[in-house]
Structure formats: structure tokens, C-alpha cells
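Presented below is the structure to which this report refers.
Protein chains: 2
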Amino acid sequence: MLHLDNSGDLHRWSRAALGRGQTIAFVPTMGYLHEGHRSLMRIARERADQVVVSIFVNPLQFAAGEDLDTYPRDPEADLHICESEGVDLVFMPGDLYPSDFSTTVVVEGLTNGLCGATREGHFDGVATVVLKLFNLVRPTMAVFGQKDFQQLQVVRRMVRDLDLDIQIVGGPIVRDSDGVALSSRNAYLSSEERAQAAILNKSLIAADAQVRAGERDPEVLVEAVRQAVQAAPLARVDYVELVDAGSLEPVTGRLDRPALLALAVRFGQTRLIDNRVLGEEQLQA
Amino acid sequence: MLHLDNSGDLHRWSRAALGRGQTIAFVPTMGYLHEGHRSLMRIARERADQVVVSIFVNPLQFAAGEDLDTYPRDPEADLHICESEGVDLVFMPGDLYPSDFSTTVVVEGLTNGLCGATREGHFDGVATVVLKLFNLVRPTMAVFGQKDFQQLQVVRRMVRDLDLDIQIVGGPIVRDSDGVALSSRNAYLSSEERAQAAILNKSLIAADAQVRAGERDPEVLVEAVRQAVQAAPLARVDYVELVDAGSLEPVTGRLDRPALLALAVRFGQTRLIDNRVLGEEQLQA
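Protein chains in written order, with this note's numbering: chain Y, 1 to 285; chain R, 1001 to 1285.
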């Protein structure tokens, strides 16, 4: 496994791989890798000649007051995980932003609601770093986790709008045995918080059951999830929303096609997100 | 010569060329091609296996009230010119923006002054379309005319900031026998305006002579150009500025290294720009 930390070296590597006609699958990460990341690497490994993983805690996507400084890191363990998944190249740059860096990629519309409403500049930072990494790696496909569903849709839109010749693949959410979605930020949770965090997925499953039982009122579905989450003493709801999975616009009126129930919940300083598509089997897309 | 109007076809073409290990030189244009464009094509032809020219009048880079609707077009003549310059592929898309297009590339700082001060959103539109075209053509190098000096610097900055593996080459300004810089917009000028337009280059040459004679005061140099241009009865000065050629920040104090004298002048509805680097031989860069 190759390990690069320099943009010039990566450019040379990807130029050579493209010149050999090889396909490249790319998994961008912020490190502290877990089974969720592994699942993305396996999708990548199955589909391309070369698999590249980047590990970079991107300062641009942290809003003021967020956890940039405390974001968990373990580069050695990360490298072992990549190696064990058959990754060909790990890119772990020290920095990606010169002091007079002045270019921003802005995706409008999709970024107004959900996490975009409270995380000022977050999706500009995501779009900008993802585009930089795409230009360094020059992948034929890239794999993103569906836990960060809004991020996945923002990347898809950017790729379409900017005519990037890159296939974007969403990898299913990977969960612990208690249903908690894997996240590097779970490391922040106390054991009490960790136990209560299971309510996120439980409430999504309950909403799914309601839809299966015939409930079609978005407000009823959202309110039930909100109530269920708030019943956990340490949980503070940031948002619960039922949105169109394409436009991410809130569903109004009757639920008449599959939609995404997404939520963000704080436990102390830790902000967790989760989501589930409702009505996939019961409603026409 | 291949002639494509479809983004998917261009993606397939560039993917194949890259997979053969070929180099691609790219000249993006808005058509109505003249000797200035030809000079860029020749630079491209000398330096790469494949030469691609795009012809697209980009609506995003026209501010409200500008000449989008009247911008001169002559696709047949353009194709003949490309053919005669040994171009391999001409890309002439009908449109590049779906109705829900929502991604913008913003380059800050460099775009505040000069043309950026009055052409609202112009450089966002330039950066966005150039990036789209880069992603379609996937060039190893791209050639831009130095007449649009600010555009050239914005593209260079975007390429650096977004880690594009593309060499950016600036082609010298090509002038008519009376010194007027070639521009598709010269077609708008009446014969009287056309005659007076020669004052732009003449005033730049005079400023150059002043620097050679020892003048180092930016205000004196700028004011002399302004006066000279305003002496032409049909000319209205939009701006005359002496700026650092890298940062495009105005030169303050004494001129102690080469700098760019840039100007924009209106003749009726027609806005012309021109520029010249002063002090290249007399001052240390």
C-alpha cells in the first residue's frame, strides 16, 4: 500500500494510473476509521482497479465553535485498516490550504435545510474539499456513506453541475448491535449517552412501522420521532425532518412517495445524525 | 476534426484520450474567432497531442444589462478557423446549465478590483464555466489570452486552489495594425469609434515610455493614461489602474517592480479592455 502526503506526488500517481487506462475508486474520510468506512472501502475494492482512501480532517467544514480541535484521530490504526481492506493508496496530507487560499465551491438550495441550517458554511467546506480531493485523485467513482445523506446529495449535485466524470455511490449506513449508526463522533459519548443514543434508530424504525401501518401525515410522523427522542433524558433534538430524498425539501401535505426522515440530536457536546428512507416498499418513487 | 455538442460524448472522448496517455491542450472561447484565438490555438497545437477548442457564449458571465443577446456569433466561420489551425475537436454545446443548476465557484480577492468592481458576478460565471469545461475536456494544459489578464489570474488561482492538474498558459495580446487589441467586441464599433479605440494601446505605450524615462509615481502614470484616453471624444473611462500582476492589488507608493497597467473604456455600448506590463526591463520582479 502506497502512503502519500503530498499533492504533487498524488497528481503524478493519478496521471499515471489514468494513462494506463485504469479505473480509480475513491473513499474520502476524516479518519478514525470504523466498520462504516470499511464497508465503503469494500464497495470501492469490488468496482475499480485502484482504491484510494484520503484521511484529512478538513478545517473548512467545521463551523465556529465546533469540534475541529478535538476531532478523534488515530492515523496508525487507520493505516492498518486501509491495508487490511486492500486499499492501494492512502493520501494523508498535512494541509490542503495555502495562506492565500481564496476559492469556494457553493452548492445552493440543497444546503439550506437539515444540517445546513445550523452548521454555517459546512457544506461549502465539504464541497470545496471534496472537489480538491477529486482533482488530486481523479477517480472514476467515489463512495460516500448514506449516514451523511445531505452531504451525499450535495456531492451528487456538484458532480452533475460541474460535469465531473465521476460516478457517485452511496454506501448503506452501518450500525452497531444496538442499532446506533457508526460514527467517529461516537467516541465522544459517555456510556450513559451511548446507551441513550440507541433511541435515534429506534425512533426511525418506529416511524417506518407507522408508515407500514398506513400513516401518511408528515407532521404526525415527525412529531412521534421528536417525542421518542426527547424521552431520552440526555438527548436534545437539533432537528427532525421528513424531506424529499432528491431535493431535500420538506414533505408537505400527504406522504405519497418515499421520503427521507432525517434527524440530528445532541448528547452534551456531541451531535449525532441518522436517517432512514420511509415508504420505499409501500409507495411509488 | 471532430465536432461535438454533447457533454456525454466529450466525457467519453477525453476519458479515451487520457487512457491512451495522450496530452490535451484546451482553448476555451466564446466564438467569433479572430487572430487572437488563432494564436492561442497555435500555442496549444505546439504543445499537446490533442487540441480542443470550446465555443460557448456563457450566460453566467454576463452581468444584467450586458451584451449577452447581441454577442457576435458565426459558428460556420469559427469551425473553418479551427479546422485550419489543426484543431482536433471543437466542442460547441447548446447549453451547459440544467434548470436546477445550483453550483457556483467563487474566487475571492483577485476579483474585487478592475473588471470585477463593475461586472457583478462576472468572475463567478467565468470560474464556474471554465471549471465545467475543464471537467469535460480534462486537459493537461489550457491557453488563455492575456488581454483578459484578470480572467487569466482568476483561472490560475482557481487551478491552484482546487488542485487541478492543469498547466495554465497565457498567450500574448494580438493587435491590429493600428495597435487595437483584437476582440470579438470590436465588431460593435462604428468606424469613428474604431479609429478612436487606438488611444487605449497608445496610452499604454506612452506610460511604458514614461517608466523607461524614470517615472515611478503610480498616480502620475495612471492620470496620464486617463487624460490621454479621455482626449478621445467618444471614449468614457471605466477604470485605469496600476496593479500588482500577481495579486491585482493597486500599486501604492513608488513603483519598484513590474506592474500591470490595465484599463477598461466604453465607446457607446461597447466596453473594451487592454493592458500592458510596465517596468519589465527596468525593474526587478
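Note that the Cβ used here is the ideal one computed from N, Cα and C, for glycine as well. What you are looking at is a predicted structure, and each value in this text was computed from that prediction instead of being measured.
If I measure Cβ to Cβ from Val1251 (chain R) and keep anything under 7 Å in the same chain, skipping five residues before and after, which residues do I get? For the purposes of this step, residue 1251 (chain R) is identified with residue 251 of the second sequence, where counting begins at 1. The answer, listed in chain order, is Pro1218, Leu1242, Val1243, Asp1244 and Ala1259.
Name the DSSP bridge partner or partners of Asp274 (chain Y)? Here residue 274 (chain Y) is taken as the residue at index 274 of the first sequence, counted from 1. Answer is Y:Leu263, bridged to Asp274 (chain Y).
Taking all protein chains shown into account, decide if Gly1268 (chain R) is buried (16 or more other Cβ within 10 angstroms of its Cβ) or exposed. For the purposes of this step, residue 1268 (chain R) is taken as residue 268 along the second sequence, with counting starting at 1. When all chains shown are included, Gly1268 (chain R) counts as exposed.
Straight-line CA distance for Val1052 (chain R) to Gln1146 (chain R)? Start at 1 with the first residue of the second sequence, and residue 1052 (chain R) comes out as number 52. Start at 1 with the first residue of the second sequence, and residue 1146 (chain R) comes out as number 146. Rounded to the nearest angstrom, the two C-alpha atoms are 19 Å apart.
Would you call Gln153 (chain Y) buried or exposed, if buried means 16 or more other Cβ atoms sit within 10 Å of its Cβ? Position 153 of the first sequence holds residue 153 (chain Y). By the 10 Å Cβ count, Gln153 (chain Y) comes out buried.
Tell me the DSSP secondary structure of Val1052 (chain R) in three-state form. Here the question's residue 1052 (chain R) lines up with position 52 in the second sequence. The answer is strand: DSSP assigns Val1052 (chain R) an E or B state.
Below 8 Å, how does it come out for the segment 84-93 of chain Y and the segment 1082-1095 of chain R: are there three or more Cβ pairs, yes or no? no
For Thr1111 (chain R), does the count of other Cβ atoms within 10 angstroms reach 16, so buried, or fall short, so exposed? Sequence index remark: in the second sequence, residue 1111 (chain R) carries index 111 (1-based). Buried, since its Cβ has 16 or more Cβ neighbours within 10 Å.
Compare the beta carbon distance of Leu1200 (chain R) and Leu1255 (chain R) with 9 Å and say whether it is the shorter of the two. One-based indexing of the second sequence puts residue 1200 (chain R) at position 200. One-based indexing of the second sequence puts residue 1255 (chain R) at position 255. No, the pair does not count as a contact, with Cβ atoms beyond the cut-off.
Taking only beta carbons into account, state which residues of the segment 1207-1222 of chain R come closer than 9 Å to chain Y, listed in chain order. none
When burial is assigned at 16 or more other CB atoms within 10 Å of the CB, is Ser1203 (chain R) buried or exposed? In the second sequence, residue 1203 (chain R) corresponds to position 203, counting from 1. Under this definition Ser1203 (chain R) is a buried residue.
What separation, rounded to the nearest whole angstrom, lies between the Cα atoms of Ala44 (chain Y) and Thr140 (chain Y)? As a first step, residue 44 (chain Y) is located in the first sequence; it is residue number 44 there, counting from the start. As a first step, residue 140 (chain Y) is located in the first sequence; it is residue number 140 there, counting from the start. Going from the Cα of Ala44 (chain Y) to the Cα of Thr140 (chain Y) covers about 11 Å.
Can you list the residues of chain R that Glu105 (chain Y) reaches, using a CB-CB cut of under 7 Å? Locating residue 105 (chain Y) in the first sequence gives position 105, where the first residue counts as 1. Per the sequence shown, residue 105 (chain Y) should be read as Val rather than Glu. In chain order: Thr1103 and Val1105.
Amino acids of chain R, ordered along the chain, whose beta-carbon sits closer than 8 Å to that of Ser7 (chain Y): For this step, residue 7 (chain Y) is matched to residue 7 along the first sequence. Those are Asp1163, listed as they occur along chain R.
Of all the options Y:Gln227, Y:Phe144 and Y:Ala207, which has the alpha carbon lying nearest to the alpha carbon of Arg42 (chain Y)? Translated into the one-based positions of the first sequence, residue 42 (chain Y) becomes position 42. Selected option, being the one with the closest Cα: Y:Phe144.
Starting from Thr70 (chain Y), trace the alpha helix (DSSP H) both ways and give me its first and last residue. Translated into the one-based positions of the first sequence, residue 70 (chain Y) becomes position 70. Careful: Thr70 (chain Y) lies outside any alpha helix (DSSP H) and carries neither H nor E.
Euclidean distance between Cα positions of Ser102 (chain Y) and Phe1123 (chain R): Mapped onto the first sequence, residue 102 (chain Y) falls at position 102. Mapped onto the second sequence, residue 1123 (chain R) falls at position 123. Whole-angstrom Cα-Cα distance: 13 Å.
Taking the alpha carbon of Ala1187 (chain R) as the reference point, which residue from R:Ala1198, R:Ala1127 and R:Tyr1032 has its own alpha carbon closest? Reading the second sequence from its first residue, position 187 is the one you call residue 1187 (chain R). When only C-alpha atoms are compared, the closest one is R:Tyr1032.
If you run the structure through DSSP and keep just helix, strand and coil, what is Phe1091 (chain R)? Numbered from 1 along the second sequence, position 91 holds the residue referred to as residue 1091 (chain R). If DSSP states are grouped into helix, strand and coil, Phe1091 (chain R) belongs with the strands.
Residue from R:Ile1173, R:Leu1283 and R:Glu1066 with nearest C-alpha to Phe1149 (chain R): By one-based count along the second sequence, residue 1149 (chain R) stands at place 149. Taking only the C-alpha atoms, the option nearest Phe1149 (chain R) is R:Ile1173.
Proximity test, Cβ basis, 9 Å: Gly125 (chain Y) and chain R: Within the first sequence, numbered from 1, the residue matching residue 125 (chain Y) stands at position 125. Taking Cβ atoms only, chain R never reaches closer than 9 Å to Gly125 (chain Y), which makes this a no.
Can Ala1235 (chain R) and Gln1284 (chain R) be called in contact, C-beta distance under 9 Å? Walking along the second sequence from the start, residue 1235 (chain R) turns up at place 235. Walking along the second sequence from the start, residue 1284 (chain R) turns up at place 284. Cβ atoms of Ala1235 (chain R) and Gln1284 (chain R): not closer than 9 Å.
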